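Residue numbers (the working numbering): 83 to 387.
Glycine included, each C-beta is placed from N, C-alpha and C at the ideal position.
Computed from a predicted structure; not experimentally measured.
Working notes, beginning with the structure itself.
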DNA sequence: AAACCGGGGAC
DNA sequence: GTCCCAGGTTT
């Protein structure tokens with residue numbers, strides 16, 4: 083249940099299911115997860131996004147392997163990667179503790195029930211706490227989330243099938259989708275970058291991504307371009323850092339993330355640096371797109387770089 | 001409170 | 001293209 087709740091953070095259920103069996107097969111026990119190299123855990127998580135979830139889950143497994151499983155909400159909340167939602171979900175569903183969850187489904191259901199356009203987290207939590215059935219907290223939490231996932235859905239809610247229809251203020255208003263109002267989101271930042279492939283699609287020079295963006299994953303050596311900087315200048319800077327010889331331009335790939343639109347120019351390069359097996363590394367979608375450019379060249383469409 | 005963190009489904 | 005997803009952490 084713990085693994086499932088982490089996988090389902092900001093991830094649709096259908097997608098979480100794709101990873102759930104694979105992850106539990108790779109790491110069947112908390113001890114196995116705690117003992118696994120971080121790179122192996124990230125490989126199992128590859129493509130699922132929000133990779134800090136995988137790193138925190140492994141770190142938390144170390145705590146659980148040493149001290150045993152937490153037995154209540156506060157104990158779960160203290161684990162890395164476990165916030166108020168996950169702690170309430172595990173405490174209520176697995177331990178029967180009277181804790182109301184507050185996720186996107188609960189927020190939408192309660193915003194509509196009370197016709198709130200901009201409910202705060204504290205407001206949603208307060209309403210959920212009031213309504214929770216303390217005798218069956220797990221069932222109540224699952225029921226509200228299921229209602230939000232199947233009936234009280236964002237775009238075209240199935241109000242005629244809703245058991246709360248008679249007491250729903252949003253239904254009474256005639257415009258249930260007005261509640262809650264869409265959240266204001268910052269525009270995605272446009273990013274231009276250059277990357278180099280030293281090697282081939284099977285063996286290439288890879289670097290470990292540091293920081294919060296894709297942190298812990300492997301990737302092609304890359305440099306972000308400054309405003310107005312040309313790809314050629316970025317390539318020269320990148321090759322200077324690597325001690326590499328720049329080669330042919332292999333192509334350009336684009337990739338959309340929630341907060342970034344990336345345009346990446348990919349070049350061949352030569353160096354004596356050690357290559358690693360690409361298939362064993364956990365790569366982002368962007369790096370997979372960049373490596374896929376090589377297939378066009380090796381396929382003979384344009385000759386070899 | 002707001003910014004940041006992936007990738008994809010549904011429209 | 002927009003909005004959202006069984007959120008958490010950091011600033």
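- By a C-beta neighbour count over all protein chains shown, 10 Å radius and 16 as the cutoff for buried, is residue 362 buried or exposed? The sequence position of residue 362 within the first chain is 280, counting from 1. Exposed, since its Cβ has fewer than 16 Cβ neighbours within 10 Å.
- Straight-line gap, residue 368 to residue 126 (C-alpha atoms, nearest Å): Your numbering for residue 368 matches position 286 in the first chain. Your numbering for residue 126 matches position 44 in the first chain. Each residue's Cα considered, the two are about 17 Å apart.
- Message: Suppose the cutoff is 8 Å on Cβ atoms and the five residues either side in sequence are ignored; what does the same chain contact list for residue 383 look like?
- Response: Locating residue 383 in the first chain gives position 301, where the first residue counts as 1. Residue placement at residue 383 is poorly supported in this model, since its pLDDT is 48, which falls under 50; the coordinates still yield a value, given next. Non-local beta-carbon contacts of residue 383 in its own chain, meaning distances under 8 Å to residues more than five positions away in sequence, are absent.
- To the nearest angstrom, how far is it from the Cα of residue 324 to the Cα of residue 153? Here residue 324 refers to the residue found at position 242 of the first chain. Here residue 153 refers to the residue found at position 71 of the first chain. The straight-line gap from Cα to Cα measures roughly 50 Å.
- Message: I'd like to check one pair, residue 277 with residue 348: are the Cβ atoms closer than 8 Å?
- Response: As a position in the first chain, residue 348 is number 266, starting the count at 1. As a position in the first chain, residue 277 is number 195, starting the count at 1. A contact, by the Cβ cut-off of 8 Å.
- Buried/exposed call for residue 316, threshold 16 Cβ in 10 Å: Here residue 316 refers to the residue found at position 234 of the first chain. In the assembly as shown, residue 316 is a buried residue. Its beta-carbon has 16 or more other beta-carbons within 10 Å.
- Query: If you follow the alpha helix (DSSP H) that residue 189 is part of, which residue opens it and which one closes it?
  - Reply: Taking the first chain and counting its residues from 1, one reaches residue 189 at position 107. Per DSSP, residue 189 belongs to the alpha helix (DSSP H) from 186-195.
- Task: Could you spell out where the beta strand (DSSP E) holding residue 83 opens and where it closes?
- Result: In the first chain, counting from the first residue as 1, residue 83 sits at position 1. In the DSSP assignment, residue 83 falls outside any beta strand (DSSP E), carrying neither H nor E.
- Enclosing alpha helix (DSSP H) for residue 155 [first to last residue]: Within the first chain, residue 155 is the residue found at index 73, counting from 1. First-last of the alpha helix (DSSP H) with residue 155: 155-159.
- Item | Per DSSP, cross-strand counterpart(s) of residue 227 | As a position in the first chain, residue 227 is number 145, starting the count at 1. DSSP, once it has assigned bridges, lists no residue as partnering residue 227.
- Message: Can you give me the C-alpha to C-alpha distance between residue 264 and residue 196, rounded to a whole angstrom?
- Response: Counting from 1 along the first chain, the entry for residue 264 is found at position 182. Counting from 1 along the first chain, the entry for residue 196 is found at position 114. Near 16 Å, if we compare the C-alpha coordinates of residue 196 and residue 264.
- Message: For residue 306, report the span of its beta strand (DSSP E) as first-last.
- Response: Mapped onto the first chain, residue 306 falls at position 224. 304-306 is the span of the beta strand (DSSP E), which, as asked, contains residue 306.
- Message: I'd like the span of the beta strand (DSSP E) that includes residue 327, first residue to last.
- Response: Counted from its first residue, the first chain places residue 327 at position 245. First-last of the beta strand (DSSP E) with residue 327: 327-339.
- Query: Quick one: any contact between the region 322-338 and the region 85-103, if contact means 3 or more CB pairs under 8 Å?
  - Reply: no
- Would you check if the region 278-296 and the region 214-228 touch, i.e. whether three or more CB-CB distances between them fall below 8 Å? no
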